[in-house]
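*Asks:*
This is the structure:
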């Protein structure tokens, strides 16, 4: 049975927007892309001395277990140029994170659902809430909006929404293409 899955996508190397669009193209090959948020520019999180990020969130319908999706997403990252790094929060061509997987709660060495830092990152919360303002945290059952409201200023990294015709056209093509596969 297909699950609703929210993915966070980010890039701060090369053509950041094109990297995320290409990631979405690959994701659309393995899942039905239901909706995609606006794209946001944000300051780096963790390691400050690196280029700014572009971030977005995609809502998918995925038919398979979470660890299979994780494997497929890591393959997409590598295909699109992500290099193994010794730095956990260093620069990257493309980063794809599973934020929510239905109402699942999972904690293992390789995967935590919901995402371990979901409630501490505005670049996850803002686009998530853009797609669904009624989302709740599957463990606490608290609205995600309340986490965003309480987020301290020092953890707020979003600079602003990026307006781009290229982005709008790409998002429209993913969601239109996916709706034809029903």
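In this note's numbering, the protein residues as written are 29 to 210. Every residue gets a Cβ at the ideal spot worked out from N, C-alpha and C, and that includes glycine. Please read these numbers as outputs of a predicted model, since none were measured by experiment.
Exposed or buried, what is residue 39 when buried is set at 16 or more other beta-carbons lying within 10 Å of its beta-carbon?
*Replies:* Stepping through the chain shown from its first residue, residue 39 is reached at position 11. Residue 39 is buried by the Cβ-count criterion.
*Asks:* With distance defined between alpha-carbon atoms, name the residue in 188, 143, 65 nearest to residue 88.
*Replies:* Stepping through the chain shown from its first residue, residue 88 is reached at position 60. Residue 88 has its Cα closest to that of 65, out of 188, 143, 65.
*Asks:* Can you give the Cα-Cα distance for residue 48 and residue 165, rounded to whole angstroms?
*Replies:* Counting from one through the chain shown, the residue named residue 48 turns up at place 20. Counting from one through the chain shown, the residue named residue 165 turns up at place 137. Going from the Cα of residue 48 to the Cα of residue 165 covers about 25 Å.
*Asks:* Looking at residue 121 and residue 58, is the spacing between their C-beta atoms short of 9 Å?
*Replies:* By 1-based counting over the chain shown, the position of residue 58 is 30. By 1-based counting over the chain shown, the position of residue 121 is 93. Not in contact: residue 58 and residue 121 (Cβ atoms no closer than 9 Å).
*Asks:* For residue 167, which residues of its own chain have a beta-carbon under 6 Å away from its beta-carbon, when the five flanking residues on both sides are left out?
*Replies:* Counted from its first residue, the chain shown places residue 167 at position 139. Answer for residue 167: 133, listed in chain order.
*Asks:* Between residue 36 and residue 98, how many whole angstroms is the CB-CB distance? I'm expecting something under 8 Å.
*Replies:* Here residue 36 is taken as the residue at index 8 of the chain shown, counted from 1. Here residue 98 is taken as the residue at index 70 of the chain shown, counted from 1. That pair is no contact at about 13 Å.
*Asks:* Using a Cβ-Cβ cut-off of 6 Å (strictly less than) and excluding sequence neighbours within five positions of residue 136, which residues of its own chain qualify?
*Replies:* The residue given as residue 136 occupies position 108 in the chain shown. Here the set comprises nothing.
*Asks:* In the DSSP assignment, the alpha helix (DSSP H) including residue 156 goes from what residue to what residue?
*Replies:* Within the chain shown, numbered from 1, the residue matching residue 156 stands at position 128. Where residue 156 is concerned, the enclosing alpha helix (DSSP H) stretches over 150-159.
*Asks:* With 16 as the cutoff for other CB atoms within 10 Å, does residue 91 come out buried or exposed?
*Replies:* The residue you call residue 91 lines up with position 63 of the chain shown. So residue 91 ends up on the exposed side.
*Asks:* With DSSP collapsed to three states, give me the class of residue 90.
*Replies:* On the chain shown, residue 90 is found 62 positions in, with the first residue counted as 1. In this structure, residue 90 counts as strand in the three-state DSSP scheme.
*Asks:* Given a cut-off of 9 Å on the beta-carbon distance, is the pair residue 151 and residue 203 in contact?
*Replies:* Counted from its first residue, the chain shown places residue 151 at position 123. Counted from its first residue, the chain shown places residue 203 at position 175. Not in contact: residue 151 and residue 203 (Cβ atoms no closer than 9 Å).
*Asks:* Tell me whether residue 70 is buried or exposed, calling it buried when 16 or more other Cβ atoms sit within 10 Å of its Cβ.
*Replies:* Translated into the one-based positions of the chain shown, residue 70 becomes position 42. Residue 70 comes out buried.
*Asks:* Reducing DSSP to helix, strand and coil, say where residue 163 ends up.
*Replies:* In the chain shown, counting from the first residue as 1, residue 163 sits at position 135. Three-state DSSP puts residue 163 in coil, outside helix and strand.
*Asks:* With distances taken Cα to Cα, identify the nearest neighbour of residue 145 among 125, 129, 131, 159.
*Replies:* Mapped onto the chain shown, residue 145 falls at position 117. Closest option to residue 145, Cα to Cα, is 125.
*Asks:* Just to confirm, is the Cβ distance from residue 159 to residue 30 under 9 Å?
*Replies:* Taking the first residue of the chain shown as 1, we reach residue 159 at position 131. Taking the first residue of the chain shown as 1, we reach residue 30 at position 2. It is not a contact, given that the beta carbons lie outside the stated cut-off.
*Asks:* Please state whether DSSP places residue 58 in a helix, a strand or coil.
*Replies:* Sequence index remark: in the chain shown, residue 58 carries index 30 (1-based). Coil at residue 58, not helix or strand.
*Asks:* DSSP on residue 70, reduced to helix/strand/coil?
*Replies:* As a first step, residue 70 must be located in the chain shown, where it is residue number 42. The answer is strand: DSSP assigns residue 70 an E or B state.
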